[in-house]
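Student: In the working numbering, the protein residues as written are 4 to 374.
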């Protein structure tokens with residue numbers, strides 16, 4: 004039994020953060036499923052790399068151009084087809100797990116991050132178009148996204164709430180999900196079978212906070228050095244305690260009796276960006292029940308071969324609270340930092356999306372000259 008399969012013994016589901024056509028057609032995704040991968044996430048940057056930096060889609064693009072599709076429609080057709088095929092491969096796992104795992108996520112346009120109505124409308128359209136029960140529509144956890152999360156949950160649509168960095172925003176996301184379930188139940192709708200994850204991003208937190216701590220350490224504050232590299236994991240551990248509290252309330256227990264599932268925490272952005280850190284820095288300390296860890300291919304393969312899972316998520320909780328307390332005492336606002344990360348994160352997905360649109364425009368022009 005490899006490390007990915009062992010994670011299930013501790014209640015955690017390993018997912019992969021990757022999708023491209025060859026992964027489906029050459030049997031690679033099925034092999035990953037057989038190896039213990041239990042779900043898949045995507046984002047605009049992944050699709051940009053898949054489509055713009057390979058020739059896997061050249062023939063499909065040419066066919067779509069010949070039938071007169073617009074650039075946005077070419078993008079949508081290519082990516083929706085990939086998501087549908089991936090969801091079909093995961094469908095047996097979805098059925099066997101009772102709808103706990105086997106999900107594939109597809110994100111609304113990153114340009115809608117601050118458009119609540121646009122996010123809601125596009126998510127509805129994508130849900131109908133993809134037409135798979137084991138798909139999650141990814142919604143950014145912006146202030147505007149909160150109302151879309153509530154409405155989509157009320158409509159019975161699975162969501163993956165992405166770009167969560169801070170504890171206040173995480174709590175707001177979880178409450179939006181619970182409110183959506185409550186509204187649905189109040190209207191007589193079934194809450195059974197609705198699934199959601201809250202994607203809490205990790206490595207970017209340390210990448211932003213560590214330089215601030217290093218600067219304070221250079222100025223002679225020894226406390227700062229002790230906190231370096233600890234803030235993201237501490238935040239995640241505290242978030243899990245918030246999760247247990249919110250989904251352990253009488254309000255949610257009443258919904259659970261009607262078949263409602265908790266919105267699981269998903270650890271995202273787990274590839275280390277500091278070469279001084281171990282590859283499993285955002286995996287090994289965060290293993291616990293009802294959680295997901297979505298890993299890019301390299302991180303997943305390293306962990307599959309070298310990981311040593313154990314129940315770690317609720318260890319050292321006092322230290323985690325202390326880390327966040329000391330950070331504030333040093334004059335570093337974790338809330339300000341995570342709001343900055345949310346804003347930057349939304350912008351970072353817009354750039355590859357726009358780059359991909361430009362690439363598809365060029366491909367259309369080239370194909371048109373060959374028709």
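Note that beta-carbon positions come from the ideal geometry of N, C-alpha and C, so glycine has one too.
Being a predicted model, the structure only gives us computed values, none of them experimental.
If you draw a straight line from the alpha carbon of residue 146 to that of residue 4, how long is it in whole angstroms?
Tutor: By one-based count along the chain shown, residue 146 stands at place 143. By one-based count along the chain shown, residue 4 stands at place 1. Approximately 42 angstroms between the Cα atoms of the pair.
Student: Below 8 angstroms, can you find three or more Cβ-Cβ pairs linking the stretch 322-333 to the stretch 83-98?
Tutor: Touching, no, given that fewer than three Cβ pairs across the two stretches are closer than 8 angstroms.
Student: State the start and end residues of the unbroken beta strand (DSSP E) segment that holds residue 36.
Tutor: Start at 1 with the first residue of the chain shown, and residue 36 comes out as number 33. Residue 36 -> not in any beta strand (DSSP E); alpha helix (DSSP H) instead, spanning 31-38.
Student: Assign residue 15 to one of three DSSP states: helix, strand, or coil.
Tutor: Looking up residue 15 in the chain shown gives position 12. Note: residue 15 maps to strand in three-state DSSP.
Student: Are the Cβ atoms of residue 163 and residue 44 separated by less than 8 angstroms?
Tutor: Locating residue 163 in the chain shown gives position 160, where the first residue counts as 1. Locating residue 44 in the chain shown gives position 41, where the first residue counts as 1. In this structure, residue 44 lies closer than 8 angstroms to residue 163 by Cβ.
Student: Rounded to whole angstroms, what's the CA-CA distance from residue 216 to residue 277? Just pull it up for me.
Tutor: As a working note, residue 216 is residue 213 in the chain shown. As a working note, residue 277 is residue 274 in the chain shown. C-alpha separation (whole angstroms): 14 angstroms.
Student: Quick one: is residue 313 buried, meaning 16 or more other Cβ sit within 10 Å of its Cβ, or exposed?
Tutor: Here residue 313 refers to the residue found at position 310 of the chain shown. Counting Cβ neighbours within 10 Å, residue 313 comes out exposed, since fewer than 16 surround it.
Student: Nearest to residue 347 by alpha carbon, out of 23, 246, 143?
Tutor: Locating residue 347 in the chain shown gives position 344, where the first residue counts as 1. The candidate whose alpha carbon is nearest that of residue 347 is 143.
Student: Specify whether the stretch 198-209 and the stretch 261-271 touch according to this definition: at least 3 beta carbon pairs, one from each stretch, less than 8 angstroms apart.
Tutor: Touching, per the Cβ criterion.
Student: CA-CA distance, residue 302 and residue 365?
Tutor: To locate residue 302, count along the chain shown from 1; it is residue 299. To locate residue 365, count along the chain shown from 1; it is residue 362. Each residue's Cα considered, the two are about 33 angstroms apart.
Student: Taking the straight line between their C-alpha atoms, what separation do you get for residue 12 and residue 290?
Tutor: Residue 12 sits at position 9 when you count from the first residue of the chain shown. Residue 290 sits at position 287 when you count from the first residue of the chain shown. The straight-line gap from Cα to Cα measures roughly 10 angstroms.
Student: Run through the DSSP bridge pairs and tell me what residue 204 is partnered with.
Tutor: By one-based count along the chain shown, residue 204 stands at place 201. In DSSP, residue 204 forms a bridge with 271.
Student: Report the option in 7, 177, 245 whose CA atom is closest to the CA atom of residue 320.
Tutor: Along the chain shown, one-based indexing puts residue 320 at 317. Closest by alpha carbon: 245.
Student: Identify the continuous beta strand (DSSP E) that holds residue 183 and give its terminal residues.
Tutor: Residue 183 sits at position 180 when you count from the first residue of the chain shown. That residue, residue 183, is in no beta strand (DSSP E); its alpha helix (DSSP H) goes 170-189.
Student: I'd like to check one pair, residue 148 with residue 182: are the Cβ atoms closer than 8 angstroms?
Tutor: Taking the first residue of the chain shown as position 1, residue 182 is located at position 179. Taking the first residue of the chain shown as position 1, residue 148 is located at position 145. No, Cβ-Cβ distance for residue 182 and residue 148 is not below 8 angstroms.
Student: On the three-pair Cβ rule with 8 angstroms, is the stretch 333-344 touching the stretch 31-47?
Tutor: No: the two stretches stay apart, fewer than three of their Cβ pairs being nearer than 8 angstroms.
Student: Mind pulling the beta strand (DSSP E) runs of 3 or more residues that sit fully within the stretch 78-160?
Tutor: Fully enclosed beta strand (DSSP E) runs of 3 or longer: 106-110, 138-143.
Student: Would you mind working out which of 40, 21, 73 sits nearest residue 52, comparing C-alpha positions?
Tutor: Taking the chain shown and counting its residues from 1, the one referred to as residue 52 is at position 49. Looking at the Cα atoms, 21 is the closest of the given residues.
Student: Hey, could you find the ends of the beta strand (DSSP E) residue 241 is sitting in?
Tutor: Mapped onto the chain shown, residue 241 falls at position 238. No beta strand (DSSP E) contains residue 241, which is instead part of the alpha helix (DSSP H) from 234-249.
Student: Please determine if the stretch 218-228 and the stretch 240-259 are in contact, where contact requires at least 3 C-beta pairs separated by less than 8 angstroms.
Tutor: No: the two stretches stay apart, fewer than three of their Cβ pairs being nearer than 8 angstroms.
Student: Helix, strand or coil: which one does DSSP assign to residue 279?
Tutor: The sequence position of residue 279 within the chain shown is 276, counting from 1. Here residue 279 sits in coil by DSSP.
Student: Short of 7 angstroms in beta carbon distance, which residues of its chain neighbour residue 132, apart from the five on each side in sequence? Order them along the chain.
Tutor: Here residue 132 refers to the residue found at position 129 of the chain shown. These residues qualify, in order along the chain: 83.
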